[in-house]
Structures are given as structure tokens and as C-alpha cells.
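Colleague: Handing you this structure, nothing more for now.
There are 2 protein chains.
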Amino acid sequence: MPSENFAEKTAALRNLGPQRVWSLMISLFGDLAQGSGDVIEGPVLSAIMAALDVKPEAARVALHRLRNDGWITSTKVGRISHHMLSSKGRDESIGASPRIYADPPDAGEGWQVVIVPGNGTEDAEQMAVAGFTPVLPRVFAGPSGIIPPADSLVLTGGNVPSWLRDEIQPSDVQPDYIALQASLSDLDRALPKGTALSALETAVLRCLIVHNWRRLVLKHPLLPGALGDTRSPSHQCHIMVSELLARFPRPDLRKITLTDRTA
Amino acid sequence: MPSENFAEKTAALRNLGPQRVWSLMISLFGDLAQGSGDVIEGPVLSAIMAALDVKPEAARVALHRLRNDGWITSTKVGRISHHMLSSKGRDESIGASPRIYADPPDAGEGWQVVIVPGNGTEDAEQMAVAGFTPVLPRVFAGPSGIIPPADSLVLTGGNVPSWLRDEIQPSDVQPDYIALQASLSDLDRALPKGTALSALETAVLRCLIVHNWRRLVLKHPLLPGALGDTRSPSHQCHIMVSELLARFPRPDLRKITLTDRTA
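Structure follows, in C-alpha cells:
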């Protein structure tokens, strides 16, 4: 079982908005069992879910739903259930990972502004999927590495005026980033470099971080460093998420089996 | 007096839309007497106006109006009136000359796209005066040599898609450019390189060309070569205006005095 001390230190992160159990599970599998053939055994999953304050019945319902929706497959090996991402679940997870685990953007990286043709074939949603942030109608900004729509006017420049940074910040998720920033700051102080966590605690901590981060970053494209605001809550969250995930690397799931299975 | 043949060859240009006499006079002074201290003597002005099919009474009224509006000053030297641009008239004329006498834009010259701040301090009219063509709300294009408004996002790029060229062509003056193009093409064939014109004929020809060109080009900024359409009537007009004005350089006004004063 994780220590009461650990539960206290991660309380703020647990209380950030509604945490749907099935969604928490997707975060967990995506973080710890994304590899081909990666499995989370039933007792390990139960231990992690319990440590995340999820009741056994709620965990069973969520698992059932994820199997029905084709995200998770479960097989029995002897008396132990082996849960793993389905091929579809793994594809989705791999698809989202570059955005979730991206390094914080660097101010020196390339950026582009594109103006798309006026024939209406490029809508803002498609552009967001490609990684572009809307600036004005028909005008989008993004990292220089992504391929702009055919026949668009591709531009770049030098100085970025501050009004542009202000205008293109993702504003609707701003309050959520402010709340996450506060929780991550507390966590960063409570779990400084060198803090020893058990494998179970590490799995729970990473799941909480990845889950709360994922809920926000997947709602908008990542701005290239030069166009982002380094003082913004989203950028500050990004830095802390990166640091905390590096400070507490993925645990060996077999260690959870040994220490927590019988709890 | 100009030859009947000359009058016939320039007829199309004379008939392009309403030619207000005072406006023709501004074109004439701007083309032939823009320099400090440049004077057009009364008899020379009368000879040119007569060759432009302007009745003596209409010329007198126009001159009176231009004096009242502070464009022209007239002084008597002996029995001869000396007409010249006022200091204001000369300033206006000098201000418009770079646009009127600009070389046709070259596809290799630099261009910029600027996005202005959204605080509404930059309107399209101010931007046009500075030399920028509107592309989209808050987005303008222009030659790279002009200074963009403070705090704008200044961009440039490589390939220019054809929809951009189509969208930013000056469309409201398009019919007038088509008509001018036809007249200039006729003129270009009727007055090939090597054609000998008298000083009076040259003055009249230049006045007609400059006047009809000026009426259109001063209505919109000049697009940089890479953003313009070389097949467009405005670009084709520009090439012919440049060639014809080079083919028939400014005449010596004293020669008009000698040959036409007594006509």
C-alpha cells in the first residue's frame, strides 16, 4: 500500500476535476503498457486502482466498458487475468504520445504562419489535427516541421510581437492550466529530486500526472516555442510535467506484483 | 500644330473616360514642369491645351481653378504669363511621382506579408497610403522595402500560390485597365521606335499617357512583382507606359515656343 504521506502529497492532483475511471485507465495503460505485448496483470491493476482511490466495483465497470469499446483485451493465464491495450487502443495511445510526452518547446525552434486558400477546403478542426493553431480566419501558426495544406501561402518571420502570443494562447483551457500549475508546483516541492517512491507509488504518481496533463494538452495543438508565452500556465505545467516524469521513471510492474499483490 | 495623323493615332487615348481639364493640367505640369523653378509659358500652355482638344475658354477656367486651389501660381513677365506649380502643387506632384513613374515590378524583388495588431489602430486606408495591399482583415502584402506599422508581425515566404495573386489584384479598376491596355497597344503599334514626333506632339502624347495611367495607379498600391500577375492588364499597361515614356522623352519646352507659339 502507498504511504499515507504519499496520498496526502498527491491529494491536490487527485482532486483536479472529474476523473473518469475508464479515462484514468487509458492514461495508465498508455503510460505503462503501451509496448507491443505489454500486459498489466489483474492484481497489479487492482493495486494501482485502489491506490488511486478507485473502488473495486468502479474499476470492474470501467474495465468492462473499455473491453466493450475495443480499447482493452483481457485474457486468463491460469488464474490471473492479463489486461492489455487492443490493437486499436495501442494505435490511439501511440498517436497521442508525441503530444503528451513532447519536450517543452524551445524558443529557438522553427515556426511557420500559413494562409490557406479561400475555397473552404481547410477548416480549423483539420488544421488543429495537423498541429496548427488558428490566428485569424484562414491564418494559422505552427511548428515549421509540420506539412502545411497544399496550395497554402507559407510564411515565416523574425520578431514575434507580444499581442500575437497573447491572441493565440489556448484561452478556454487557461483556468484548468492554472489549477494544474498550482498542483504540480506543490508536488514538485513535496517530492524533490532524490525522493524514494515504491513502484506502486511511482505508477500512481505518473498516472495522475499524465492523466491531468493529457486532458488539457490534447484539446489544442502545441505552439512552437517562439510563439508561446514562457510565463503562461500551460508552458509552466509543461516544464513541470517533463521534470516530474523524468524524476520518477516508469516503474518495473513486476515489483508491484511482489510488494502489493497481497495487500 | 500637331499633324492630323498624330491626332488620329492618339484618339483612343483621348477618349478614355472623362478627362477633366484641370486634372489634365496637373498631369502636364507634373510631367514637364515639376522641377524647382520650372515654368510653362502662357503661349506654350495654350498650344498644348489646343492640341489636347481643350477649348481656350475651358483652359482659362481650369487654370483659374488651379490657382484658386493653390496648385498653380502665375506671374507676368513682360507680356508673357509664366505658370508654375505652387510649392504645395509641387510637393503633391513629387509625392505621386514614385508611383506614376515606377519601373514595372520585377518578380525577383522582395515582398512581405504583415499582420497588424488587433487594436484597430491600423486601418486599410493608412496601410494603402504606406503601400500595402489588403489580403485578409488585419493581413496586408507589400514590397519588402516599405516600413510596416510598429508592432506588426512581419512575414515572408517562398512560393506564392496563384489564388493569392488572384485575390489581391485591384479588381475595381480592372475594366479601366483593360480599356487602357487596348489603347496603349494601338499606340505602341502606331508609334513604333524611331517615330519622329515634334516637341508639341511629344508633350501631348506624354500628357495623355501619364494622365490616363495616373488616374488608375493612384487608386491602389503597387504590388511587388512576386505577388502581381504578369498577365494582368495592370501589369501589361505598366510595361507599355514605361516603354512609351522612355521612347518619347520629355521635350524641350522652348522648342514648342519656337514652332507653335504663333499657330
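From first to last, the protein sequence lines stand for chains W and H.
Just so it is clear: in the first sequence, position 44 is 34 by the working numbering, and no numbers are missing.
Just so it is clear: in the second sequence, position 157 is 147 by the working numbering, and no numbers are missing.
Heads up, the beta-carbon is just placed ideally off N, CA and C, and yes, glycines get one too.
Is there a Cβ from chain W that is less than 8 angstroms from the Cβ of residue 146/H?
Modeller: Yes, residue 146/H counts as interfacial toward chain W.
Colleague: Does residue 157/H have its Cβ less than 8 angstroms from a Cβ in chain W?
Modeller: Yes, contact with chain W.
Colleague: Going by beta-carbon coordinates alone, are residue 208/W and residue 89/W separated by less than 8 angstroms?
Modeller: Yes, these two residues count as a Cβ contact at 8 angstroms.
Colleague: How would you label residue 69/H, buried or exposed, when you count the other beta carbons within 10 angstroms and need 16 or more for buried?
Modeller: That one is exposed.
Colleague: I want to see whether chain H comes within less than 8 angstroms of residue 151/W, judged by CB atoms only; does it?
Modeller: Answer yes: the Cβ-Cβ gap between residue 151/W and chain H drops below 8 angstroms somewhere.
Colleague: Considering only the alpha carbon of each residue, which of 230/W, 200/W, 155/W lies closest to residue 218/W?
Modeller: Measuring from the Cα of residue 218/W, the nearest candidate turns out to be 155/W.
Colleague: Any beta carbon of chain W sitting closer than 8 angstroms to that of residue 57/H?
Modeller: False, the Cβ-Cβ gap to chain W never drops below 8 angstroms.
Colleague: Does residue 20/H pass the burial test, meaning 16 or more other C-beta atoms within 10 Å, or should it be called exposed?
Modeller: Residue 20/H comes out buried.
Colleague: Helix, strand or coil: how does DSSP classify residue 233/W here?
Modeller: Residue 233/W: helix per DSSP, three-state reduction.
Colleague: Given a cut-off of 8 angstroms, decide if residue 212/W and residue 95/W are closer than it, judged by their beta-carbon atoms.
Modeller: In contact: residue 95/W and residue 212/W (Cβ atoms closer than 8 angstroms).
Colleague: For residue 202/H, I'd like the list of residues in its chain whose CB is within less than 7 angstroms of its CB, leaving aside the five on either flank, ordered along the chain.
Modeller: So the list reads 3, 6, 170, once near-sequence residues are dropped.
Colleague: To the nearest angstrom, how far is it from the Cα of residue -4/H to the Cα of residue 30/H?
Modeller: Looking at the two C-alpha atoms, the distance is approximately 23 angstroms.
Colleague: My assumption, with CB atoms under 8 angstroms, is that residue 262/W sits in contact with residue 235/W. Please give the rounded CB distance.
Modeller: The requested residue 262/W is not part of the displayed model; chain W covers only -9 to 253.
Colleague: Rounding to the nearest angstrom, what Cα-Cα distance links residue 123/H and residue 160/H in this structure?
Modeller: In a straight line, the C-alpha of residue 123/H is about 9 angstroms away from that of residue 160/H.
Colleague: Count the other CB atoms within 10 Å of the CB of residue 113/H; is the residue buried (16 or more) or exposed (fewer)?
Modeller: Per the 10 Å Cβ criterion, exposed.
Colleague: Between residue 143/H and residue 105/H, which are expected to be in contact by the criterion C-beta below 8 angstroms, what is the C-beta distance as a whole number of angstroms?
Modeller: About 4 angstroms; that satisfies the 8 angstroms criterion.
Colleague: Which chain H residues sit within Cβ distance under 9 angstroms of residue 142/W?
Modeller: Per Cβ cutoff of 9 angstroms: 151.
Colleague: Can you tell me whether residue 245/W is helix, strand or coil according to DSSP?
Modeller: Reduced to three states, the DSSP call for residue 245/W is helix.
Colleague: Hey, is residue 154/W's beta-carbon within less than 8 angstroms of any beta-carbon in chain H?
Modeller: At least one chain H Cβ lies under 8 angstroms of residue 154/W.
Colleague: Residue 130/H bridges to which residues according to DSSP?
Modeller: Residue 130/H pairs with 104/H, 124/H.
Colleague: Would DSSP call residue 72/H helix, strand or coil?
Modeller: Here residue 72/H sits in strand by DSSP.
Colleague: In whole angstroms, give me the CA-to-CA distance for residue 133/H and residue 168/W.
Modeller: Near 43 angstroms, if we compare the C-alpha coordinates of residue 168/W and residue 133/H.
Colleague: Drop a sphere of 10 angstroms on the beta-carbon of residue 228/H, count the other beta-carbons inside from all chains shown, and report buried for 16 or more, exposed for fewer.
Modeller: By the 10 Å Cβ count, residue 228/H comes out buried.
Colleague: Note down the Cα distance separating residue 84/H from residue 163/H, rounded to an integer number of angstroms.
Modeller: Cα-Cα distance, rounded: 24 angstroms.
Colleague: Go ahead and label residue -1/W buried or exposed: buried means 16 or more other beta carbons lie within 10 angstroms of its beta carbon, across all protein chains shown.
Modeller: The residue is buried, with at least 16 neighbouring Cβ atoms inside 10 Å.
Colleague: Counting only the same chain and skipping the five closest in sequence on each side, list residues whose C-beta sits under 7 angstroms from that of residue 51/W.
Modeller: Taken in chain order, the list of residues that qualify is empty.
Colleague: For chain W, check one thing: does any of its Cβ atoms lie closer than 8 angstroms to the Cβ of residue 108/H?
Modeller: By this cut-off, residue 108/H is an interface position.
Colleague: Buried or exposed for residue 192/H, going by 16 or more other Cβ atoms inside 10 Å?
Modeller: That one is buried.
Colleague: For a test of the three-state rule: what should DSSP assign to residue 238/H, helix, strand or coil?
Modeller: Here residue 238/H sits in coil by DSSP.
Colleague: Return the bridge partner residues of residue 144/W from the DSSP annotation.
Modeller: BP columns for residue 144/W point to 104/W.
Colleague: Using 8 angstroms as the limit for Cβ to Cβ distance, is residue 127/H near chain W?
Modeller: Chain W contact via Cβ: present.
Colleague: Could you name the residues of chain H that residue 194/W contacts, counting a contact when the two beta carbons are closer than 7 angstroms?
Modeller: Residues of chain H passing the Cβ test: none, with the nearest at roughly 44 angstroms.
Colleague: By the criterion of Cβ-Cβ separation under 7 angstroms, what are the contact partners of residue 119/H in chain W?
Modeller: Those within 7 angstroms of residue 119/H in chain W number zero; the least Cβ separation is about 22 angstroms.
Colleague: Name the DSSP beta bridge partners of residue 31/W, please?
Modeller: 72/W, per the DSSP bridge assignment.
Colleague: Run down chain H in chain order and give the residues with a C-beta less than 9 angstroms from the C-beta of residue 103/W.
Modeller: Near residue 103/W (Cβ distances below 9 angstroms), the residues of chain H are 103, 105, 143, 145, 147.
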